[in-house]
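Below you'll find the structure, written out as structure tokens, and then a few comments.
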Amino acid sequence: MVTEKGLFFGLVPSSDVLKGTKPPFFVTVLDRVKENCRAFTVPARDVFPDAPIFYSVKTNTQPFVLKVIAIAGLGAQVVSPREFFMAVDAGFPADKIIVDGIFRDETSYDLVKDHDGLLFIESWTSNVSKLQQACERFGRKARLGLRFKFPKKDNRLGFSLADEDAMNALGAAIGSGDRVRPVMLACHPGSQVQDPHDHVVACKTLLDAHDYLEQRQGMPFPKPVLLNLGGGFAEPEMATPARLAGTMHAIKDTMTANHSLKDFAVCFEPGRYIVGDASAIVSTMVETFRDDAGARWALLDVGMDVLTRFANSHYRFFSMEHPDAPHGTPISFQGRVPTEQDVFGKGVHFIKDAKAGEHVLLMNCGAYSTTFSMRFSFEQPRCVVVDGDAYSVHELTVP
Ligand SMILES: Cc1ncc(COP(=O)(O)O)c(C=O)c1O
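Going by our numbering, the first residue of the sequence shown is number 120, and it counts up by one from there.
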């Protein structure tokens, strides 16, 4: 935030932080995480009272982030036993954690031993059978969610009604035991969803799946069935309150068109929306230079080992020393990993007079950075955590 008193991280002047902390570092504003939890929950529950919201833990697993989200009352969606234990340590109760993901290792179903009634979302029939076996082995029960493919070209993860043999095998696997009870159907439309209609499509996909499984296979869903419409919401700057409200109402209209609201409940798994804009990186321009075509570049002291392109985030670049100067002159940023491919921000708008030694604030670094990257020999940045008007410095936790 820029005020007449300069650039602030939440309520803390950036100059105070820069005096005591050497870049590069992440800066995470906990008040922003809290506000994002509220800003998502309010429009969702306005339309679907009590709708559970599960934070997608793989988006950012830093313990200080997880704790704030647990205190805000959200549940957690995890994709590995490690994420499960991180969530429990941060304060998420096990009955508010969904064990999701497309890959299970041999320890995944050991979670059943200590947690009766845990909810697993499965995408493969073989895993439904493994879950049944684990429940029998440990004398436990489990709740089951079934992930369905979002109907888009090239999507391939999740069950599909188009594959009748696979659906029959799934029905047989579920019917073969009585310890695993199907309670949820899930469909995730993808990341940075730009078309609000995509969540409506996810909802229709799940209503069709429900009707097929109940009518054609006699699958016994206790009512209300939980329709999990995934995440995919952009940062709050783009997924505005009006846009979220519009999406929620459109989902409700879809549900009431041919079904009774009494039979279904809705839940979501936002990741990026909750944490994307809550963290930035303070980086140094180590060199400034021009390429053979005369285009302007700066070498940064962070690279794709810190921020991967898989994050698909809308990075924005600000001069820390001159936040008020016009940011209208193109520059490209070369990352620190020794490859021509380590580029973020090609031809992005920045100040005219970029000088080596000055600092760049990279905004929107909270989602999928510390979880999808961190694989090079350089030292990783530390994290400045801003809580109200105070801040502390932490080592990053490797997930
Ligand atoms: C199944 C599922 N749910 C939720 C999410 C969170 O998505 P986002 O961070 O875009 O909200 C993801 C991300 O890939 C996902 O795969």
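We put the beta carbon where it would ideally sit given N, CA and C, even for glycine.
- With a cutoff of 8 Å on beta-carbon distance, residue 454 and residue 422 are scored as near each other.
- Remark: the shortest separation between the CB of residue 389 and any heavy atom of ligand 1 falls under 7 Å.
- From the listed residues 470, 334 and 366, the smallest Cα separation to residue 286 is found for 334.
- Excluding five sequence positions before and after residue 170, the CB atoms of its chain that fall closer than 6 Å to its own CB belong to 163, 164, 385 and 386, given in chain order.
- Distance check between residue 404 and each of 187, 415, 473 and 247 places 473 closest, using alpha-carbon atoms only.
- Annotation for residue 435: 482 and 483 place their beta carbon closer than 7 Å to its own, counting only its chain and skipping 5 residues before and after.
- Distance from residue 197 to residue 219 at the Cβ level is roughly 7 Å; contact confirmed, criterion being Cβ atoms closer than 8 Å.
- Partner residues in the beta bridge of residue 241, as assigned by DSSP, are 265.
- By a beta-carbon distance limit of 8 Å, residue 425 contacts residue 499. Their separation comes to about 7 Å.
- Where residue 510 is concerned, there is no enclosing alpha helix (DSSP H), although the beta strand (DSSP E) around it starts and stops at 509-513.
- Of the heavy atoms belonging to ligand 1, none sits nearer than 7 Å to the Cβ of residue 358.
- In its chain, beyond the 5 residues on either side, 231, 260, 261, 296, 298 and 299 have a beta carbon closer than 8 Å to the beta carbon of residue 254.
- With fewer than 16 other beta carbons inside 10 angstroms of its own, residue 342 counts as exposed.
- In the structure shown, residue 174 falls within a strand segment according to DSSP collapsed to helix, strand and coil.
- Within the same chain, 145, 146, 147, 484 and 485 come within 7 Å of residue 398 by CB-CB distance, once the 5 residues on both sides are set aside.
- Apart from the 5 residues on each side of it in sequence, residue 211 sits with its Cβ closer than 7 Å to the Cβ of 189, 194 and 195 in its chain, given in chain order.
- For residue 196, the three-state secondary structure derived from DSSP is strand.
- Looking at the backbone, the Cα of residue 407 and that of residue 414 are separated by about 11 Å.
- In the structure shown, residue 236 adopts coil according to DSSP, grouped into three states.
- Beta bridge pairing from DSSP links residue 295 with no other residue.
- Separation of residue 506 and residue 340 (C-alpha to C-alpha, rounded to the nearest whole angstrom) is 44 Å.
- Of the other Cβ atoms in all chains shown, 16 or more fall within 10 Å of the Cβ of residue 307; this residue is therefore buried.
- Around the beta carbon of residue 241, 16 or more other beta carbons lie within 10 angstroms, which makes this residue buried.
- Put simply, of 440, 140, 412 and 305 the residue whose alpha carbon is nearest the alpha carbon of residue 173 is 305.
- Listed in chain order, the alpha helix (DSSP H) runs fully inside the stretch 359-396 are 360-377 and 391-394, counting runs of at least 4 residues.
- 227 is the residue among 233, 227 and 234 whose C-alpha sits nearest the C-alpha of residue 247.
- In terms of side-chain proximity, the C-beta atom of residue 352 is found nearer than 7 Å to a non-hydrogen atom of ligand 1.
- The C-beta distance from residue 417 to residue 452 rounds to 6 Å, short enough to fall under 8 Å.
- Membership of residue 311 in any alpha helix (DSSP H) is not indicated, and neither H nor E is assigned to it by DSSP.
- Contact between the stretch 366-379 and the stretch 313-327 is present, with at least three C-beta pairs closer than 8 Å.
- Between residue 315 and residue 449, the alpha-carbon positions lie close to 32 Å from each other.
- Under the DSSP assignment, residue 186 falls in the alpha helix (DSSP H) whose first and last residues are 182-190.
- Cβ neighbours of residue 152 within its own chain (closer than 7 Å, five residues either side excluded): 184, 187, 188, 393, 394 and 397.
- One thing to note: residue 257 has its Cβ no nearer than 8 Å to the Cβ of residue 325.
- At a cut-off of 7 Å, the beta-carbon of residue 318 does not count as near ligand 1: no heavy atom of the ligand is closer than that.
- Assignment of residue 300 by DSSP, reduced to helix, strand and coil, places it in the strand class.
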